[in-house]
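Peer 1: Have a look at this one.
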Amino acid sequence: MKYQPLDFSGITTYPIAERNNKVSVKDDFAGPVTAGMSVTDLLAALPNQLGAQALNRVIDAVVGAREKGKPVMVAMGGHVIKCGLQPVLKALIDADVISAIALNGAGSIHDYEIALIGATSEDVGAVLHAGNFGMARETGIDINEAIRKGVEQGLGYGESVGRAILDRELPYREQSLQAVCVAKGIPVTVHVAVGTDITHQHPSADGAVIGEASYRDFRLFTSVVSQLGDGGVYLNIGSAVLLPEVFLKALSVAQNLGYHVDHFTTANFDMQQHYRPLTNVVKRPTSGESRGYTVTGHHEIMLPLLAAAILDKIR
Numbered sequence: 001m002k003y004q005p006l007d008f009s010g011i012t013t014y015p016i017a018e019r020n021n022k023v024s025v026k027d028d029f030a031g032p033v034t035a036g037m038s039v040t041d042l043l044a045a046l047p048n049q050l051g052a053q054a055l056n057r058v059i060d061a062v063v064g065a066r067e068k069g070k071p072v073m074v075a076m077g078g079h080v081i082k083c084g085l086q087p088v089l090k091a092l093i094d095a096d097v098i099s100a101i102a103l104n105g106a107g108s109i110h111d112y113e114i115a116l117i118g119a120t121s122e123d124v125g126a127v128l129h130a131g132n133f134g135m136a137r138e139t140g141i142d143i144n145e146a147i148r149k150g151v152e153q154g155l156g157y158g159e160s161v162g163r164a165i166l167d168r169e170l171p172y173r174e175q176s177l178q179a180v181c182v183a184k185g186i187p188v189t190v191h192v193a194v195g196t197d198i199t200h201q202h203p204s205a206d207g208a209v210i211g212e213a214s215y216r217d218f219r220l221f222t223s224v225v226s227q228l229g230d231g232g233v234y235l236n237i238g239s240a241v242l243l244p245e246v247f248l249k250a251l252s253v254a255q256n257l258g259y260h261v262d263h264f265t266t267a268n269f270d271m272q273q274h275y276r277p278l279t280n281v282v283k284r285p286t287s288g289e290s291r292g293y294t295v296t297g298h299h300e301i302m303l304p305l306l307a308a309a310i311l312d313k314i315r
């Protein structure tokens, strides 16, 4: 078949005044940026679009949750801890903004090493083929012993490690998120998958103890999740798989036990958006009357900006 160019002369048009527009100067454009602006003024000057709109709505939700006395849960992957953001998060804990912290196993390990020696994050590529990756003696012995003692005392994983940091008066304990949470009396839970953490490689590791400690934390985590309804906030920061899965299961358990968890806010903060956080944090849990947001950017930039804005507003 031979084709000929179409004749466009019969196309119909309509006046632009009749068109619905997604962006307007009046409602959506950025405001002026000036020297000496406060963080609140800067965020108010952002365009009311896309990521800026999402960030501002998350900030408002967190401030609203604090005013209502509802939980603000922050779940984080290990990279967040490696970025040195504990002082930022501690400021939010001290301001009674964060109600509970959840970490994966890597986050707990990096946090402990920082408390112990003021440094963390080994060069994996340089030592992997020598069989030395993850074999630092103190990390394995200390953490495995901490959770063993904690389980004997009826504690979960996060509190066990946090208490060990405080009891041993580690030199950089003030930089430890687990220690800060224990001292402040807020839940800090650690959720592990056996075989994913360097402490599981050590002779001192005990699978039964690791499982019991993390399972206790799952039950505690679920207790906080059960109270998110009617104004709470759940933030997933830098965990692509494990913590979104933990959150979804905890939400299911809470609903099964009769807790009506709806009308709350979730957000996923990460350097790139992954399937599981989008599905298990932002979309599925908010399919009722809740709201889910995505904020994309580097943790070392976005978290200080988020915290500064929240602290500005609550003042």
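Numbering (the UniProt record's numbering), first residue to last: 1 to 315.
Glycine is no exception: its CB is placed at the ideal position from the N, C-alpha and C atoms.
I'd like to check one pair, Q178 with residue 320: are the Cβ atoms closer than 8 Å?
Peer 2: Nothing about residue 320 can be reported from this structure: the residues present for the chain run from 1 to 315 only.
Peer 1: Threshold first: 4 residues or longer. Then list the alpha helix (DSSP H) segments lying entirely within the region 179-230, N to C.
Peer 2: 207-225
Peer 1: Can you give me the C-alpha to C-alpha distance between A75 and V88, rounded to a whole angstrom?
Peer 2: 15 Å
Peer 1: Can you check whether the CB of V190 is closer than 8 Å to the CB of D217?
Peer 2: yes
Peer 1: May I have the straight-line CA-CA distance separating N236 from P71, to the nearest angstrom?
Peer 2: 14 Å
Peer 1: Does DSSP put I81 in a helix, in a strand, or in coil?
Peer 2: helix
Peer 1: Which same chain residues, not among the five before or five after P277, have their C-beta less than 6 Å away from its C-beta?
Peer 2: N236, P244, N268
Peer 1: Write down every uninterrupted run of the alpha helix (DSSP H) in the region 35-117 whose length is 4 residues or greater and which is fully enclosed by it, in chain order.
Peer 2: 39-45, 50-68, 78-82, 86-94, 105-117
Peer 1: Mind checking M1: buried by the 16 CB within 10 Å criterion, or exposed?
Peer 2: exposed
Peer 1: Rounding to the nearest angstrom, what Cα-Cα distance links N21 and L50 in this structure?
Peer 2: CA-to-CA, the gap between N21 and L50 works out to about 15 Å.
Peer 1: Below 8 Å on the Cβ atoms is my contact criterion, and I expect K313 with T40 to pass it. Report the Cβ-Cβ distance as a whole number of Å.
Peer 2: 6 Å
Peer 1: Applying the criterion that 16 or more other CB atoms from any shown protein chain within 10 Å of the CB defines a buried residue, is Q272 buried or exposed?
Peer 2: Exposed, because fewer than 16 other Cβ atoms sit within 10 Å of the Cβ of Q272.
Peer 1: Can you give, in chain order, each stretch of the alpha helix (DSSP H) that sits fully within the region 230-294 and has at least 4 residues?
Peer 2: Here the runs fully enclosed are 242-256.
Peer 1: For S9, is the classification buried or exposed, using 16 other Cβ atoms within 10 angstroms of its Cβ as the cut-off for buried?
Peer 2: exposed
Peer 1: Cα-Cα, which of G238, I93, P203, D270 is closest to C181?
Peer 2: I93
Peer 1: Within 10 angstroms of its Cβ, does G229 collect 16 or more other Cβ (buried), or is it exposed?
Peer 2: buried
Peer 1: For the region 151-175, which segments carrying the alpha helix (DSSP H) assignment without a break, of at least 4 residues, lie completely within its bounds, in sequence order?
Peer 2: Those alpha helix (DSSP H) runs which fall completely within the region 151-175 and span 4+ residues are 157-167.
Peer 1: Using a Cβ-Cβ cutoff of less than 8 Å, which residues in the same chain neighbour I301 once the five nearest sequence positions on both sides are dropped?
Peer 2: none
Peer 1: Looking at the secondary structure, which residues open and close the alpha helix (DSSP H) in which L311 lies?
Peer 2: L311 -> alpha helix (DSSP H) spans 299-314.
Peer 1: Thinking C-alpha only, which one of R66, Q201, S287, D111 is nearest G77?
Peer 2: D111
Peer 1: Nearest by alpha-carbon distance to F247: which of H274, L128, T279 is it?
Peer 2: T279
Peer 1: Please name the residue, chosen from D167, V124, Y157, that lies closest to N144 on a Cα-to-Cα basis.
Peer 2: Y157
Peer 1: Per DSSP, which one or two residues make a beta bridge with T296?
Peer 2: D270
Peer 1: How is T120 classed by DSSP in three states: helix, strand or coil?
Peer 2: coil
Peer 1: For D28, which three-state DSSP category applies?
Peer 2: helix
Peer 1: Can V188 and E159 be called in contact, C-beta distance under 8 Å?
Peer 2: yes
Peer 1: Identify which residue in L43, V281, G231 has its Cα closest to the Cα of A308.
Peer 2: L43
Peer 1: Give me the Cβ distance between A65 and G232, rounded to the nearest whole Å; I'm assuming they're in contact under 8 Å.
Peer 2: Indeed they touch by this definition, with Cβ atoms about 6 Å apart.
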